[in-house]
Amino acid sequence: MQLIADAHVHVYPFHSPQLVLDVLRRNLVAMDRDAICLAFLAERADCRFFADLAQRGSRLLDRPVVADRLGECLVLREHNFPDLYLFAGRQIVTRERIEILALTTDVAPADGLPAAETVTRILEGGGIPVLSWAPGKWFFARKKVVAGLLERFSPGSLLVGDSSLRPRCWLMPVLMKQAIARGFGLVVGSDPLPVPGEEAMIGTYGFSVDAEFAPEDPVRSIRTILGHPGFRPRLRGTRGGALKTMRRLFANYRAGRRHKDTANS
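The opening residue of the sequence shown carries number 5 in the working numbering; numbering runs sequentially from there.
Below, the structure is given as structure tokens:
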């Protein structure tokens with residue numbers, strides 16, 4: 005069974021839910037029109053799209069949609085669109101300022117805990133921990149933290165994650181290469197920034213895999229697939245060039261400054 009997925013999806017409070025889901029499905033189908041569409045949320049502590057959609061469904065989208073909840077997954081069925089399996093997930097920023105994703109769970113450790121403790125708690129809660137690459141966060145002192153996590157945890161218990169924010173010209177980080185060579189699974193995703201217009205990025209970078217997927221029990225099924233040591237999907241879509249990525253990051257920086265200035269005024 006062919007699956008197509010974006011493993012790093014953010015939906016921010018100012019986003020249009022309708023637009024997000026339309027863009028996500030359109031972009032996933034563009035990568036593989038015959039595959040089952042999956043998306044993994046990586047919500048910040050101040051976001052609750054999964055919970056809102058589960059509770060409000062059609063009222064949130066202001067149009068008819070069936071949102072069947074199967075554990076930590078919503079199966080969205082809507083006329084003229086392919087079914088979408090939307091998995092709950094959280095993004096945690098650790099004490100060392102490293103990003104770790106907790107996929108297939110809406111209950112995750114708080115920000116600010118040590119990285120190793122964060123991974124352990126995600127595993128104890130049944131989620132899938134992903135050591136997520138982010139610009140500048142695998143360098144210098146934090147590089148040692150990343151290396152330490154890859155030594156402490158084994159393939160199958162921890163995944164590494166890539167992002168569309170790594171420009172095409174930027175070679176795969178050495179630690180990521182080493183982790184994959186040792187059998188750590190790799191997942192990738194669009195990782196949209198909290199800036200208006202970034203909705204267009206959702207579903208543009210992802211992966212596909214041919215695997216036994218059980219639609220009636222999607223959470224257990226995908227945990228088994230992603231938890232297999234040496235998980236090697238086919239990367240799909242594209243990352244941006246250097247100039248486009250710099251523009252995205254600069255827009256995010258400006259948005260953060262404006263938010264800080266507003267809060268201090």
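Ideal Cβ placement from N, Cα and C applies to all residues, glycine included. Given the structure is predicted, the values throughout are model-derived calculations rather than measurements.
The beta-bridge partner set that DSSP reports for Gln95 consists of Leu105. In this structure, DSSP gives Asp214 an extended state, which the three-state scheme calls strand. Closest in alpha carbon position to Pro200, among Gly130, Pro17, Gly207 and Leu7, is Pro17. Within the same chain, Cβ atoms closer than 8 Å to the Cβ of Gly165 are found at Ala11, His12, Leu105, Val134, Leu135, Ser136, Trp137, Leu190, Val191, Val192 and Gly193, the five residues on either side in sequence being excluded.
Counting C-beta pairs closer than 8 Å gives fewer than three between the stretch 162-177 and the stretch 212-225, which falls short of the contact rule. In this structure, Ile132 keeps its C-beta atom at 8 Å or more from the C-beta atom of Pro113.
With respect to Asp36, Arg243 sits apart: the two C-beta atoms are not nearer than 8 Å.
For Pro171, the secondary structure class from DSSP, reduced to helix, strand or coil, is coil. Taking C-alpha positions only, Lys248 is separated from Phe235 by approximately 30 Å. In the DSSP assignment, Ser136 falls within the unbroken beta strand (DSSP E) covering Ile132 to Ser136. Inter-residue distance for Pro233 and Val149 is about 22 Å (C-alpha atoms, whole angstroms). Using a 10 angstroms sphere on the CB of Ser212, the tally of other CB atoms reaches 16 or more, which defines it as buried. Cβ atoms of Leu7 and Ala46 stay farther apart than 8 Å, at about 18 Å.
For Arg146 against Glu103, the beta-carbon gap comes to about 10 Å, at or over 8 Å, which does not count as contact. The DSSP-derived three-state label of Glu100 is coil.
Counted as a single uninterrupted DSSP element, the alpha helix (DSSP H) harbouring Phe53 occupies residues Phe53 to Arg60. Separation of the CB atoms of Asp66 and Val79 is rounded to 20 Å, and the pair is thereby denied contact status at 8 Å.
Under a 10 Å Cβ-count criterion, Met180 is classified as buried, with 16 or more other Cβ atoms of the shown protein chains found around its own Cβ.
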